[in-house]
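Protein sequence lines correspond, in order, to chains A and B.
According to the numbering used here, the first sequence is numbered sequentially starting from 162.
According to the numbering used here, the second sequence is numbered sequentially starting from 12.
Beta carbons are placed, not taken as given, at the ideal position from N, Cα and C, and that holds for glycine.
All of these numbers come straight from a predicted model, not from anything done at the bench.
Here's the structure, in C-alpha cells; my notes come after.
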Amino acid sequence: MKSGFSLDLARPSRRHWLGYLLLAPAVLLIGLIILYPLIVSVDLSFQNVNLARLDQPRRPFTTANYERLFASPDFWNASWVTFKLVVIVSFFCFLLGLGTALLVNNRFRGRTLARLLVALPWAVPEVIAVVIFAWLFDSSFGLMNWIFIKLGLIDTTVNWFSSPGAAFFVVCVTMIWKGYPFVSIMMLAGLQSIPEDFYNAARVDGANAWQRLVNITIPSLMPVLGVTLVLVMLWVFRDFSIIYVLTGGGPLKATQSLSIMTYEQAFGFFRMGYASAIGVVTLIVCVIASRLMMGRAPDNI
Amino acid sequence: MMRRKLALLAAAAAMALGTNAALAQTKVLKFVSWQKDERGVGDWWASVIKAFEESHPGVKIEWTKVERGAYADTMTTLFAGGTPPDIVHLASFEFQKFADTGWLQPLDPYIKDSKLDLKGWAGQDTCVWKGETVCTMMLYFGYFMAYNDDILKKEGLSVPKTYAEFLAAARKTTKDLNGDGIVDQFGTGHETRGGGGQYLSEMMNYTLDAGGRWTDENGKVTINTPQMIEGLTRWKTVVKDSLTPRDMSAGEVRQLFADGRIAMKFDGPWLWPIIQKGKAKDQIKTAMVPFNPPVGGSSNVLAIPADISNDNKKLVWDFIKIATSDPFQTTYATLGASPPPSPRADITAAKKENPNFDLLVEATKAASNAKVDRIPKGLEIQFNEFSKMIMEEAQRMIIQDLEPKAVAATMQQKAEALQQQ
C-alpha cells in the first residue's frame, strides 16, 4: 500500500534534506536561546516599559528610548569609557600576549612551567581575580599603597577607587592581567604553525631577529591576530563582572561602560525599555566593529 | 528467575507510582530570601517555616537563598517571567516598583478577615502603597553607636554626646600606629564604596543631626536648605579628612571595627553579632549615637504575588500570619537580636540574652518617633536613582572639593527632575 506522503531520503535529489533534518534541533535551540531574547529585546527597546512582563500586552511603538539615549550625556560617557577600555586593554593584551608567546615559544629549561604560569590568569575565575586586585589596590590597607610608600614614590596613600583616573587604571590593569593569557595562547598556537624553513631561509639571507619578527612572524600570525583581536575586543566590550565588582562603574561614572549602564538601567532603575535600547545599540556597534575587523583579515593574510 | 525479576520490576513500579502520588499530594510554596544563611535571622525564618509546615501537612516550603547583590535582578526576572516566588521577601526600598506594576496582592482583605492587629507595628506605614496595604514590615531599626573603649580611654576621651565631641574624638583616634606612613586606626567607619542606598544611610548620620531631610512630609524636595548644607559639610569633613577608611564596603568596615581598627561605629542591630566574632569583642561597648535623631528605617517586607492561585495566596497569608504572630515576634527578638516590629512581642528573654537590647529598642523608638526612614517620602519609586544621584554628587563634592552649598543646589535640582519623570 502506498502512503500519501513519504520522504525518501535515499533519493540523490533529497539527500541534502537529511542534513537539514539533523541540523534542525540545533537551529531551533539556537533560535530559542539567542534569537528569541534578541527579538524580545529589540521589541522592548521600542516601548516605554519599566518592569517588563512577557504576558503583558505590548505597549505602543515609540522611539523615545533611542531619542533619550542619544541625548543622554551618560550614554556618550559610557561609550567613551567603553572605547577607551577596548583600545587600551586590547593593545596591552596584545603586547603582553605576543611578548609572552614569543618568550615561551623558545626552547629553554622550565618552558612547560613558564607556559603554565603565562596561562594561569586565564584559568582564574574573573570574580576571584577581581577580589585579588581589589585587595592589592585597597585604599587603606592595600599592598600597592604600601609598596609605593616604601619605595618613596608617594608620600600619602592613593584612594584608588575614589579617584576617577586611578579607578580606571585599576580596571584596565585587572582586565589586562585577565585577558593577555588568551592572546598568548592563541599566538603560541599561531607561532607553532609557522614552518621553521621560513626562518632558516631568512637566516641564510642574513635577516636579524627583528627583521625575522617583522617580515615573517607578524605577517604569518595575521590570520590568528585578526580573530583574536575581534574576540578580545568583544570580551572587553561586554565584560561586566570585573568592572561591576571592582568599581560598580564609579566613581563619577569614570568606569561606567555600556554593559554596566545597561545593567544599572534594567535592574537598578527598572527601566527595561531604555536598557534594551542601550543593549541594541551596543550589539550594533559590536557587529560593525567585528565585521570591520574580520573584513580586514583576508587582506592581511 | 524471570518471575523474581518481574516481581522486582512490579515493586519498583509500585514504589515509583507511590512516590509520584505522594509528590502530587505535596504542595510546594517557593520562598526566595537573601537572609537564608544569616546567623540569627536566618534561624528565625527556619523556625517560621518549620511551624508552617507542621501546621499545614502536605505543604512544603522550598527555601532558596539569593545573594543580596543579585536579589533585585533575580526577583525582577522571576516576576517578569510570570513565575514569582509564592512568598515574596523584598527590601523595603524595592517593593514599591513591584507594587506600582501591580505585581503585589493588596493585603487589606486578608488583614481584615484574619483580624490581624497591625496597630503600632513599626514601619508598617511604609507598606501602604496608593492607599492599599501591599506588605507587612518585618524589621524597623534605629542606629546605635558601638565604640572601642580601649581606644577612647588611651586618648583620654569620653563617649561623645554631640557631633562636635564626636569629630574631636574621631580626629584624635585616627592614627598611623606603626609609623609606616599609612593610617591604620580610624576614628569612625562608613561605607564609601558600593550601593547608593547604604551611602545615603551613612550620610544621614550627619544630615539628620544637622536638621536636614531629603523631603518634607508632603514629599517636596528639601535638600537646598541651610540644614542640609551643614549636613553635607559634616559628611565632607569626615570623608575628606580620612577619619573613615576609604573605598570600603559596609561589610569590610564592620569587620575592621570588630577587629579593633576603628574607634566609633554607627550601625543597626546586625552589627552586634559581627562584634561578637571580632578580635576586639571585649573592648567594644555601646551607647546612643551622638546625633539626634538616629538614622533609622524600614528594612524588609513580606508580600503575596498577585499572580498566584487563590489557594496559594491563602497559604502564603497563613505563613505571614505565623511570622507576625506574637510568639514568633517574641522569638524574632531573641534569634534575630533585633527589636521586632510588633508592639506586643515579649522582649524579656531578648533583654536577658543581649545586654544591649534596651539600647536597640531605645534607638528604634527614637528613630521611629522622629519619623526617620531611609526612603524619602515622594521618592519611593525613584529611590535607587535618587540614592545613586546623591552618592555621585557627594563623591563629586569630595573628589573635586566643591562647596556643599553648590552641591545641595545641584542635588535639589536633580531630585526634583527625578520626581517629575
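Point to revise | Contacts around B/Ile319, its chain only, beta-carbon distance under 6 Å, and the 5 residues preceding and following it disregarded | key: The residue you call residue 319 of chain B lines up with position 308 of the second sequence. Answer for B/Ile319: Asp97, listed in chain order.
Review point. What first and last residue would you give for the alpha helix (DSSP H) that runs through B/Met239?
Key: Mapped onto the second sequence, residue 239 of chain B falls at position 228. Unbroken alpha helix (DSSP H) run through B/Met239: Pro237 to Lys251.
**Study point:** Where A/Thr318 meets chain B, residues with beta-carbon distance less than 9 Å
**Key:** On the first sequence, residue 318 of chain A is found 157 positions in, with the first residue counted as 1. By Cβ distance, chain B contributes Gly192, Ile193, Val194, Ser253 and Arg257.
**Study point:** Helix, strand or coil at B/Ala492 [DSSP, three-state]
**Key:** Since the first residue of chain B shown is 12 and the last is 432, residue 492 of chain B is not available in this structure.
Point to revise | Terminal residues of the alpha helix (DSSP H) in which B/Tyr343 lies | key: Taking the first residue of the second sequence as position 1, residue 343 of chain B is located at position 332. Start and end: Asp337 to Leu346.
Check your understanding: Which runs of the alpha helix (DSSP H) fall wholly inside the segment 202-271 of chain A and span at least 4 residues, in chain order?
Key -> Counting only runs of 4 or more, we get 225-232 and 234-266.
Review point. Around the Cβ of B/Gln431, are there at least 16 other Cβ atoms within 10 angstroms (buried) or fewer (exposed)?
Key: The sequence position of residue 431 of chain B within the second sequence is 420, counting from 1. Classification of B/Gln431: exposed, given that the 10 Å Cβ count is below 16.
Practice item. Give the residues from the segment 99-129 of chain B that approach chain A closer than 7 Å (Cβ to any Cβ), ordered along the chain. Key: Result list: Lys108 and Thr112.
Review point. Going straight from the alpha carbon of B/Asp322 to that of B/Ala62, what length do you get?
Key: Mapped onto the second sequence, residue 322 of chain B falls at position 311. Mapped onto the second sequence, residue 62 of chain B falls at position 51. For B/Asp322 and B/Ala62, the distance between alpha carbons rounds to 19 Å.
Review point. Rounded C-beta distance between B/Thr307 and B/Ser379? I'm assuming under 8 Å.
Key: By 1-based counting over the second sequence, the position of residue 307 of chain B is 296. By 1-based counting over the second sequence, the position of residue 379 of chain B is 368. Before going further, note that residue 307 of chain B is Gly rather than Thr in the sequence given. For a cut-off of 8 Å, the C-beta gap from B/Gly307 to B/Ser379 is around 6 Å, short enough to register as a contact.
Exercise for review: Identify the continuous alpha helix (DSSP H) that holds A/Asn361 and give its terminal residues.
Suggested key: Here residue 361 of chain A is taken as the residue at index 200 of the first sequence, counted from 1. Secondary structure note for A/Asn361: its alpha helix (DSSP H) is the uninterrupted segment Glu357 to Val365.
Exercise for review: Pair every Cβ in the segment 296-313 of chain B with every Cβ in the segment 174-182 of chain B, then say whether three or more of these pairs are closer than 8 Å.
Suggested key: The count of Cβ pairs closer than 8 Å, one atom from the segment 296-313 of chain B and one from the segment 174-182 of chain B, reaches three, so the stretches are in contact.
Review point. Are there three or more Cβ pairs, one per stretch, closer than 8 Å when the segment 242-256 of chain B is compared with the segment 403-418 of chain B?
Key: Touching, per the Cβ criterion.
Practice item. Give a yes or no on whether the minimum CB-CB distance between B/Arg224 and chain A is below 7 Å. Key: The residue you call residue 224 of chain B lines up with position 213 of the second sequence. No, because no Cβ of chain A sits closer than 7 Å to the Cβ of B/Arg224.
Review point. With burial defined as no fewer than 16 other Cβ atoms inside 10 Å of the residue's Cβ, what is the status of A/Met305: buried or exposed?
Key: On the first sequence, position 144 is the one that residue 305 of chain A refers to. The residue in question, A/Met305, is buried, as its Cβ has 16 or more Cβ neighbours within 10 Å.
Exercise for review: Grab the span of the beta strand (DSSP E) containing B/Leu429 for me, first residue to last.
Suggested key: In the second sequence, residue 429 of chain B corresponds to position 418, counting from 1. First-last for B/Leu429: Pro415 to Gln431, but that is the alpha helix (DSSP H), not the beta strand (DSSP E).
Check your understanding: Where do the ends of the beta strand (DSSP E) carrying B/Ala314 lie?
Key -> Taking the first residue of the second sequence as position 1, residue 314 of chain B is located at position 303. Start and end: Asn311 to Ala314.
Check your understanding: For the putative contact between B/Lys325 and B/Thr199, defined by C-beta atoms under 8 Å, what is the C-beta separation to the nearest angstrom?
Key -> Along the second sequence, one-based indexing puts residue 325 of chain B at 314. Along the second sequence, one-based indexing puts residue 199 of chain B at 188. In this structure, B/Lys325 and B/Thr199 do not form a Cβ contact; the two beta carbons are roughly 49 Å apart against a cut-off of 8 Å.
Review point. To the nearest whole angstrom, what separates the beta carbons of B/Ile400 and B/Lys425, a pair I think is in contact under 8 Å?
Key: Here residue 400 of chain B refers to the residue found at position 389 when the second sequence is read from its first residue. Here residue 425 of chain B refers to the residue found at position 414 when the second sequence is read from its first residue. Note that residue 400 of chain B corresponds to Met in the displayed sequence, not to Ile. Sure, about 5 Å apart at Cβ, within 8 Å.
Review point. Helix or strand or just coil, what does DSSP make of B/Met159?
Key: Taking the second sequence and counting its residues from 1, one reaches residue 159 of chain B at position 148. Note that residue 159 of chain B is Asn in the sequence shown, not Met. Strand.
Check your understanding: Looking at chain A, which residues of the segment 403-415 of chain B have a Cβ within less than 7 Å of any of its Cβ atoms?
Key -> Listed in chain order, the positions of the segment 403-415 of chain B with a beta carbon within less than 7 Å of a beta carbon of chain A are Glu403, Gln406, Arg407 and Ile410.
Practice item. Count the C-beta pairs between the segment 433-450 of chain A and the segment 209-225 of chain A that are closer than 8 Å, then say yes if the count reaches three, no if not. Key: Judged by Cβ distances under 8 Å, the segment 433-450 of chain A makes contact with the segment 209-225 of chain A, as three or more pairs qualify.
Review point. Can you tell which of A/Leu413, A/Gly410, A/Leu419 and A/Gly258 has the C-alpha that lies nearest to the C-alpha of A/Phe231?
Key: Taking the first sequence and counting its residues from 1, the one referred to as residue 231 of chain A is at position 70. Cα-wise, what sits closest to A/Phe231 is A/Leu419.
Review point. Does DSSP put A/Ser418 in a helix, a strand or coil?
Key: Here residue 418 of chain A refers to the residue found at position 257 when the first sequence is read from its first residue. Coil, per DSSP.
Check your understanding: Whole-angstrom Cβ separation of B/Gly192 and B/Ser398, contact assumed at under 8 Å?
Key -> Your numbering for residue 192 of chain B matches position 181 in the second sequence. Your numbering for residue 398 of chain B matches position 387 in the second sequence. In this structure, B/Gly192 and B/Ser398 do not form a Cβ contact; the two beta carbons are roughly 35 Å apart against a cut-off of 8 Å.
Check your understanding: So which of B/Tyr154, B/Ile285, B/Lys183 and B/Val232 has the shortest CA-CA distance to B/Ala381?
Key -> For the purposes of this step, residue 381 of chain B is identified with residue 370 of the second sequence, where counting begins at 1. Closest by alpha carbon: B/Tyr154.
Check your understanding: So is B/Ala3 in contact with chain A if we call contact Cβ pairs under 7 Å?
Key -> This structure cannot settle anything about residue 3 of chain B, because the visible part of chain B is limited to 12 through 432.
Exercise for review: Look at the Cβ atom of A/Pro282, then the Cβ atom of A/Trp338, and state whether they are nearer than 7 Å.
Suggested key: Within the first sequence, residue 282 of chain A is the residue found at index 121, counting from 1. Within the first sequence, residue 338 of chain A is the residue found at index 177, counting from 1. Closer than 7 Å, so yes.
Review point. Whose Cβ in chain A lies nearer than 7 Å to the Cβ of B/Thr87?
Key: The residue labelled residue 87 of chain B in the question sits at position 76 within the second sequence. Ordered by position in chain A, the residues that pass the 7 Å Cβ test against B/Thr87 are Leu212, Phe428 and Phe431.
Review point. Secondary structure at B/Asp54, three-state DSSP: helix, strand or coil?
Key: For the purposes of this step, residue 54 of chain B is taken as the residue at position 43 of the second sequence. In the displayed model, B/Asp54 falls within a helix according to three-state DSSP.
Exercise for review: Please classify B/Val43: is it buried, with 16 or more other beta-carbons within 10 angstroms of its beta-carbon, or exposed?
Suggested key: Start at 1 with the first residue of the second sequence, and residue 43 of chain B comes out as number 32. When all chains shown are included, B/Val43 counts as buried.
Check your understanding: From B/Ile5 to B/Ser309, what distance separates their C-alpha atoms?
Key -> This structure cannot speak to residue 5 of chain B, because chain B is shown only from 12 to 432.
**Study point:** Nonlocal neighbours in the same chain, by C-beta distance under 7 Å from B/Gln423, ignoring five residues either side
**Key:** Translated into the one-based positions of the second sequence, residue 423 of chain B becomes position 412. Excluding its 5 nearest sequence neighbours in each direction, B/Gln423 has C-beta neighbours in its own chain below 7 Å: Val232, Ile234 and Asn235, listed in chain order.
Check your understanding: Quick one: what does DSSP say A/His177 is sitting in, helix, strand or coil?
Key -> What you label residue 177 of chain A is simply residue 16 of the first sequence in a count that begins at 1. Under the three-state reduction of DSSP output, A/His177 falls in the helix class.
Practice item. Would you kindly work out how many angstroms separate the C-alpha atoms of A/Ile120 and B/Ile410, rounded to a whole number? Key: The requested residue 120 of chain A is not part of the displayed model; chain A covers only 162 to 462.
Practice item. Consult DSSP for B/Ser44 and reduce its assignment to one of helix, strand or coil. Key: For the purposes of this step, residue 44 of chain B is identified with residue 33 of the second sequence, where counting begins at 1. In this structure, B/Ser44 counts as strand in the three-state DSSP scheme.
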